[in-house]
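Numbering (this note's numbering), first residue to last: 2 to 213.
Structure (structure tokens):
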């Protein structure tokens, strides 16, 4: 059982721990070897000049915003008013978000860009590539209603081995939003935690503690 530490799985038990115990739980961050694997997967897809610029943008950020996803919040139709509305909710929780937009949006939101930290992806490149790489390199959450399932599938299809930690890492770091609020992100990962003499196993709505 001890070897299951950091294994992503949940059980059907009811949560049996109190609120303050959640502070002790670990937050999973992918190690350098996995980051390197993901970078190599995207290396040929990225414009090197823009990737270098992106690296300079992510040092002091506390979240990443999928600008294109927000712009298409209205049933997939592009409506820039949502960028302003939802950014107001974002700024209630985050001090320095990095907004990532595809180049095609740039001329329509120039006033917003002048006032906010942003990165514009190149014209002939997929903005999702830069959003995922920014998440991986910075270990910061992404505000989006996209689950990036196609990208996760492509990674699994092209990697030598399937690493479900990547899938769970990305899923845990996506923050959904609505017109009215921004969801919270957990300060711990929904994975088995072995801490001192206790094993914490994720449940659907919390964690189940077992004394070793």
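From the three backbone atoms N, C-alpha and C, an ideal C-beta is built for every residue, glycine too. This structure is a prediction, so every number in the text was calculated from the model and none was measured.
If you drop the 5 nearest sequence neighbours on each side, which residues of the same chain put their C-beta closer than 7 Å to that of residue i?
i           : result
residue 189 : 23, 26, 27, 28
residue 212 : 198, 199
residue 185 : none
residue 43  : 130, 134
residue 94  : 183
residue 146 : 70, 177, 178
residue 165 : 9
Secondary structure at residue i, three-state DSSP: helix, strand or coil?
i           : result
residue 90  : helix
residue 77  : coil
residue 130 : helix
residue 57  : helix
residue 210 : strand
residue 151 : helix
residue 29  : coil
residue 47  : coil
residue 194 : strand
residue 119 : strand
residue 103 : strand
residue 23  : helix
residue 201 : strand
residue 62  : coil
residue 189 : coil
residue 18  : coil
In whole angstroms, what is the alpha-carbon distance linking residue i and residue j?
i           : j           : result
residue 71  : residue 13  : 35 Å
residue 7   : residue 50  : 36 Å
residue 157 : residue 201 : 28 Å
residue 47  : residue 168 : 21 Å
residue 109 : residue 81  : 8 Å
residue 203 : residue 20  : 14 Å
residue 192 : residue 153 : 19 Å
residue 172 : residue 45  : 24 Å
residue 196 : residue 175 : 26 Å
residue 76  : residue 2   : 46 Å
residue 34  : residue 121 : 28 Å
residue 79  : residue 151 : 21 Å
residue 84  : residue 149 : 20 Å
residue 61  : residue 132 : 16 Å
residue 209 : residue 15  : 7 Å
residue 125 : residue 187 : 35 Å
residue 56  : residue 111 : 22 Å
Please name the residue, chosen from the options, that lies closest to residue i on a Cα-to-Cα basis.
i           : options            : result
residue 123 : 105, 139, 133      : 105
residue 141 : 125, 153, 58, 45   : 58
residue 54  : 119, 152, 107, 210 : 119
residue 117 : 64, 151, 79, 166   : 64
residue 115 : 129, 126, 67, 100  : 100
residue 97  : 143, 83, 79        : 143
residue 127 : 136, 170, 103      : 103
residue 206 : 125, 17, 4, 79     : 17
residue 31  : 125, 136, 5        : 136
residue 52  : 113, 111, 138      : 138
In its own chain, which residues sit with a C-beta less than 8 Å from the C-beta of residue i, not counting the 5 before and 5 after it?
i          : result
residue 10 : 192, 193, 202, 203
Can you give me the Cβ contacts of residue i inside the same chain, cut-off strictly under 6 Å, excluding the 5 residues immediately before and after it?
i           : result
residue 214 : Coverage of the chain is limited to positions 2 through 213, which leaves residue 214 absent and any answer about it impossible.
Segment contact, 8 Å Cβ cut-off, at least three pairs: the region 32-50 with the region 59-76
no
Counting beta carbon pairs with one atom in the region 79-95 and one in the region 169-187, are three or more of them shorter than 8 Å?
yes
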